[in-house]
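All remarks here apply to the structure that follows.
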Amino acid sequence: MSFSAVRAAGHGGKVEEARAMPAEVSWEMLDKSRFFVLGAALFSGVSAALYPAVVLKTHLQVAPPPQAAASTAAAVILRRDGPRGFYRGFGASLVGTVPARALYMAALEATKSAVGSAALRLGVAEPAANAAASAAGGVSAAVAAQVVWTPVDVVSQRLMVQTAPAAAAAAHYRGGADAFRKILLADGVRGLYRGFGVSVFTYAPSSAAWWASYTTAQRLLWRAVGPAHHDSRGAAMAVQGASAAAAGGAAALVTMPLDTVKTRLQVMDAGARAPTLAAAARDLVAEGGWAACYRGLGPRWASMSLSAATMVTAYEFLKRLSAKEGSL
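FYI, in my numbering the residues of the sequence shown are 1 to 328.
Encoded structure:
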């Protein structure tokens with residue numbers, strides 16, 4: 001029995017809770033082929049639109065003090081590299097986006113469905129079961145995606161900053177394939193997975209908190225909007241977008257220090273001895289104080305809020321497009 005079926009089979013207050021939100025498209029209701037094909041195209045487009053903010057954030061994180069304003073750093077990139085400077089490493093990033101997103105979506109939906117159904121069978125209240133399922137799905141999805149995403153992140157970030165005068169990446173790369181080969185030759189597979197531990201440590205709890213808070217915020221907003229608007233696409237997009245933007249902004253703020261340390265570890269010279277996470281964090285604080293941990297917060301906060309709102313709105317729309325005939 002699916003999560004939605006178990007929820008519908010609830011009694012008393014659970015039925016009332018289910019009416020507080022529009023019906024959810026569960027993992028069992030999806031046409032998986034359509035889901036992954038449409039998802040790859042959709043998320044590739046969103047990634048392309050948001051990529052310049054990621055490049056700017058990365059430049060700010062690896063730059064030595066004094067900290068330049070985001071607008072100044074953007075002007076420097078534009079003057080030095082032209083518009084293409086904001087898309088350095090995008091090809092490598094895009095290659096990894098499709099399998100990483102596929103793993104993320106599959107792990108998220110399968111885990112949410114399994115944990116949600118189990119929680120409801122154990123008598124957990126529907127709102128708590130939903131939040132727990134979303135949190136577990138977020139952890140599972142983040143860990144699964146990082147298996148693919150960390151090597152892609154290492155390669156794309158080296159390409160992003162290699163023209164910056166103060167960049168740590170001294171090697172010259174002719175493209176994603178060349179960077180992959182040189183990193184592999186210098187450091188082996190371990191070099192491609194620099195920052196994997198801190199990435200999981202950053203994104204797993206962040207993803208859990210994000211999905212749990214998104215689910216809770218969405219429930220509260222739907223209660224305010226009322227069941228009369230459940231079938232309104234405009235209302236759905238507004239509620240999902242607002243809930244996602246709030247969750248994304250909060251996650252950016254909480255995880256920024258770890259993300260800054262992770263980025264610095266990943267853009268070090270190939271062949272350089274990688275410091276421990278603690279040593280890298282100490283060096284960062286010694287260099288610019290605790291404020292250094294929040295370099296690039298503005299672009300990252302804006303990128304994650306906008307990305308979250310866009311991605312979730314697109315994701316929910318994608319699930320409805322991919323639902324099997326007669327499942328809704």
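Beta carbons are placed, not taken as given, at the ideal position from N, Cα and C, and that holds for glycine.
Owing to the predicted nature of the structure, the values given are computational and were not obtained by experimental measurement.
Need the endpoints of the alpha helix (DSSP H) that Gly91 sits in, please.
As a first step, residue 91 is located in the sequence shown; it is residue number 91 there, counting from the start. Run containing Gly91: Phe90 to Arg121, per the alpha helix (DSSP H) assignment.
Which residues in the same chain have their Cβ closer than 7 Å to the Cβ of Ala217, if we skip the five residues on either side of it in sequence?
Taking the first residue of the sequence shown as position 1, residue 217 is located at position 217. Contacts found: Ser243, Ala246 and Ala247.
Three-way DSSP call (helix, strand, coil) for Ala246 in this model
What you label residue 246 is simply residue 246 of the sequence shown in a count that begins at 1. Helix.
From Arg79, Phe317, Tyr87 and Gly137, pick the residue whose C-alpha is nearest to that of Asp231; which is it?
Position 231 of the sequence shown holds residue 231. Of the candidates Arg79, Phe317, Tyr87 and Gly137, the one whose C-alpha sits nearest the C-alpha of Asp231 is Phe317.
Please name the residue, chosen from Ala48, Pro65 and Phe43, that lies closest to Glu287 on a Cα-to-Cα basis.
Stepping through the sequence shown from its first residue, residue 287 is reached at position 287. Of the listed residues, the one whose Cα sits closest to Glu287 is Pro65.
Taking C-alpha atoms, which residue in Pro99, Met29, Thr260 and Ala279 lies nearest to Ala145?
In the sequence shown, residue 145 corresponds to position 145, counting from 1. The shortest C-alpha separation from Ala145 is found at Pro99.
Is Ala125 helix, strand or coil when you go by DSSP?
Reading the sequence shown from its first residue, position 125 is the one you call residue 125. Note: Ala125 maps to coil in three-state DSSP.
Between the alpha carbons of Ala125 and Ser117, how many angstroms are there, rounded?
On the sequence shown, residue 125 is found 125 positions in, with the first residue counted as 1. On the sequence shown, residue 117 is found 117 positions in, with the first residue counted as 1. Distance from the CA atom of Ala125 to the CA atom of Ser117, rounded to whole angstroms, is 11 Å.
Would DSSP call Ala69 helix, strand or coil?
Numbered from 1 along the sequence shown, position 69 holds the residue referred to as residue 69. Ala69 sits in coil when the DSSP states are folded into three classes, being neither helix nor strand.
What is the DSSP secondary structure of Ala63, reduced to helix, strand or coil?
Here residue 63 is taken as the residue at index 63 of the sequence shown, counted from 1. Coil.
Which word fits Pro151, buried or exposed, when buried means at least 16 other C-beta atoms lie within 10 angstroms of its C-beta?
Along the sequence shown, one-based indexing puts residue 151 at 151. Looking at its Cβ environment, which holds 16 or more other Cβ atoms inside 10 Å, Pro151 is buried.
Ignoring anything shorter than 4 residues, give me the alpha helix (DSSP H) runs that lie fully in the segment 147-205, in order along the chain.
Scanning the segment 147-205 from its first residue to its last, the whole alpha helix (DSSP H) runs of 4-plus residues come out as 176-187 and 189-192.
Rounded separation between Ala314 and Gln61 - CA only:
Walking along the sequence shown from the start, residue 314 turns up at place 314. Walking along the sequence shown from the start, residue 61 turns up at place 61. Looking at the two C-alpha atoms, the distance is approximately 29 Å.
Figure out for me which residue from Ser113, Val147, Leu78 and Ala92 has the closest Cα to the Cα of Leu103.
The sequence position of residue 103 within the sequence shown is 103, counting from 1. For Leu103, the nearest C-alpha among the options comes from Val147.
Reduced DSSP secondary structure (H/G/I, E/B, other) of Leu292
Taking the sequence shown and counting its residues from 1, one reaches residue 292 at position 292. Correcting the residue identity first, residue 292 is Ala in this sequence and not Leu. Reduced to three states, the DSSP call for Ala292 is helix.
Is it buried or exposed, Arg300, if we count other Cβ atoms within 10 angstroms and call 16 or more buried?
Locating residue 300 in the sequence shown gives position 300, counting from the first residue. By the neighbour-count rule (16 or more Cβ atoms within 10 Å), Arg300 is buried.
Of the choices Val239, Thr215 and Tyr214, whose alpha-carbon is the least far from that of Gly226?
For the purposes of this step, residue 226 is taken as the residue at position 226 of the sequence shown. Selected option, being the one with the closest Cα: Val239.
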